[in-house]
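Novice: Okay, handing you the structure first.
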Amino acid sequence: MSICHHCGTHFITSPLCTACRPTSAIASCTPPEFAVPQRLPLVWREKFGAIDRAGGVTLAKLAQLPLPDRLRIRCNVFALLFGAAYYACKGMWKRGLSLALLMAALTLLMMSAADLAGIAPELARNVGISIAAFVYAYRANLDYYKQAVLGDDSWW
Numbered sequence: 035m036s037i038c039h040h041c042g043t044h045f046i047t048s049p050l051c052t053a054c055r056p057t058s059a060i061a062s063c064t065p066p067e068f069a070v071p072q073r074l075p076l077v078w079r080e081k082f083g084a085i086d087r088a089g090g091v092t093l094a095k096l097a098q099l100p101l102p103d104r105l106r107i108r109c110n111v112f113a114l115l116f117g118a119a120y121y122a123c124k125g126m127w128k129r130g131l132s133l134a135l136l137m138a139a140l141t142l143l144m145m146s147a148a149d150l151a152g153i154a155p156e157l158a159r160n161v162g163i164s165i166a167a168f169v170y171a172y173r174a175n176l177d178y179y180k181q182a183v184l185g186d187d188s189w190w
């Protein structure tokens with residue numbers, strides 16, 4: 035457990051103090067046991083602080099956060115645009131591959147169902163690709179938190 039030298043708040047899993055977030059005291063508020071997040075840019079440390087304020091991986095207090103923090107946690111534009119390639123660049127290739135296979139199976143299932151229903155399979159394919167992009171955008175920040183802060187490099 036670490037104590038913020040600026041405000042005295044106790045924190046365990048945060049790479050910076052989530053109560054005061056002083057920009058000048060970020061180095062003094064960082065616990066020594068989390069060496070990996072220290073080499074990350076300030077933007078990621080702020081996202082990780084927002085995830086900690088939301089309750090960690092479970093995001094139990096997400097609804098209590100203001101809208102900008104909720105968007106910071108649940109929306110990643112680069113993951114929306116690049117999908118599995120973004121995951122691979124961030125070192126989360128296992129999760130990216132799992133999501134890609136799951137989304138490909140979902141898209142094929144939607145295309146088959148659309149063909150049976152008499153709907154153009156191209157429409158189902160486009161909807162499936164769109165759903166996949168939004169799933170990547172929705173999960174990316176929390177998955178990166180699991181990898182960088184918690185050291186969880188699993189397939190899911």
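Heads up: the sequence shown begins at 35 in the numbering used here, then just goes up one per residue.
All C-beta atoms, glycine included, are put in the ideal place defined by N, C-alpha and C.
Remember, predicted model here, so these are calculated numbers, not experimental data.
State the CB to CB distance for the pair L133 and A151, rounded to an integer number of angstroms; the pair is presumed to be in contact (CB under 8 angstroms).
Specialist: Position 99 of the sequence shown holds residue 133. Position 117 of the sequence shown holds residue 151. That belief does not hold up - the Cβ atoms of L133 and A151 are roughly 26 angstroms apart, past 8 angstroms.
Novice: Taking three-plus beta-carbon pairs below 8 angstroms as touching, is the region 102 to 120 in contact with the region 168 to 178?
Specialist: Yes, the region 102 to 120 touches the region 168 to 178.
Novice: Thinking Q181 and M126 are a contact (beta carbons under 8 angstroms), I'd like their distance in whole angstroms, please.
Specialist: Residue numbering aside, residue 181 sits at position 147 when the sequence shown is read from its first letter. Residue numbering aside, residue 126 sits at position 92 when the sequence shown is read from its first letter. About 6 angstroms separates the two Cβ atoms, so the contact holds.
Novice: Going straight from the alpha carbon of P66 to that of G185, what length do you get?
Specialist: On the sequence shown, residue 66 is found 32 positions in, with the first residue counted as 1. On the sequence shown, residue 185 is found 151 positions in, with the first residue counted as 1. Here P66 scores only 37 on pLDDT, less than 50, and its place in the model should not be relied on; the value that follows carries that caveat. Those two C-alpha atoms are separated by around 15 angstroms.
Novice: State the start and end residues of the unbroken alpha helix (DSSP H) segment that holds L114.
Specialist: Reading the sequence shown from its first residue, position 80 is the one you call residue 114. Run containing L114: V111 to F116, per the alpha helix (DSSP H) assignment.
Novice: If contact is defined by three or more beta carbon pairs under 8 angstroms, each pair taking one atom from either stretch, is the region 141 to 157 in contact with the region 72 to 80?
Specialist: These segments do not touch.
Novice: In angstroms, rounded to a whole number, what distance separates the CA positions of R87 and V183?
Specialist: As a first step, residue 87 is located in the sequence shown; it is residue number 53 there, counting from the start. As a first step, residue 183 is located in the sequence shown; it is residue number 149 there, counting from the start. Rounded to whole angstroms, R87 to V183 spans 14 angstroms at the Cα level.
Novice: Are the CB atoms of M145 and A166 within a distance shorter than 8 angstroms?
Specialist: Stepping through the sequence shown from its first residue, residue 166 is reached at position 132. Stepping through the sequence shown from its first residue, residue 145 is reached at position 111. No. Outside cutoff.
Novice: Please name the residue in A154, G89, G130 and S188 whose C-alpha comes closest to that of L114.
Specialist: By 1-based counting over the sequence shown, the position of residue 114 is 80. If we check each option's Cα against that of L114, G130 comes out closest.
Novice: Please classify A139 as buried or exposed, where buried requires at least 16 neighbouring CB atoms within 10 angstroms.
Specialist: What you label residue 139 is simply residue 105 of the sequence shown in a count that begins at 1. Its Cβ having fewer than 16 others within 10 Å, A139 is exposed.
Novice: Suppose contacts are defined by Cβ-Cβ distances below 8 angstroms. Is F112 in contact with Y121 by that definition?
Specialist: By one-based count along the sequence shown, residue 112 stands at place 78. By one-based count along the sequence shown, residue 121 stands at place 87. No. Outside cutoff.
Novice: Does D186 come out as helix, strand or coil in the three-state DSSP assignment?
Specialist: On the sequence shown, residue 186 is found 152 positions in, with the first residue counted as 1. The answer is coil: DSSP assigns D186 none of H, G, I, E or B.
Novice: Between K95 and D187, is the Cβ-Cβ spacing less than 8 angstroms?
Specialist: For the purposes of this step, residue 95 is taken as residue 61 along the sequence shown, with counting starting at 1. For the purposes of this step, residue 187 is taken as residue 153 along the sequence shown, with counting starting at 1. It is not a contact, given that the beta carbons lie outside the stated cut-off.
Novice: Report the three-state DSSP secondary structure of K95 (helix, strand or coil).
Specialist: Taking the sequence shown and counting its residues from 1, one reaches residue 95 at position 61. Three-state DSSP puts K95 in coil, outside helix and strand.
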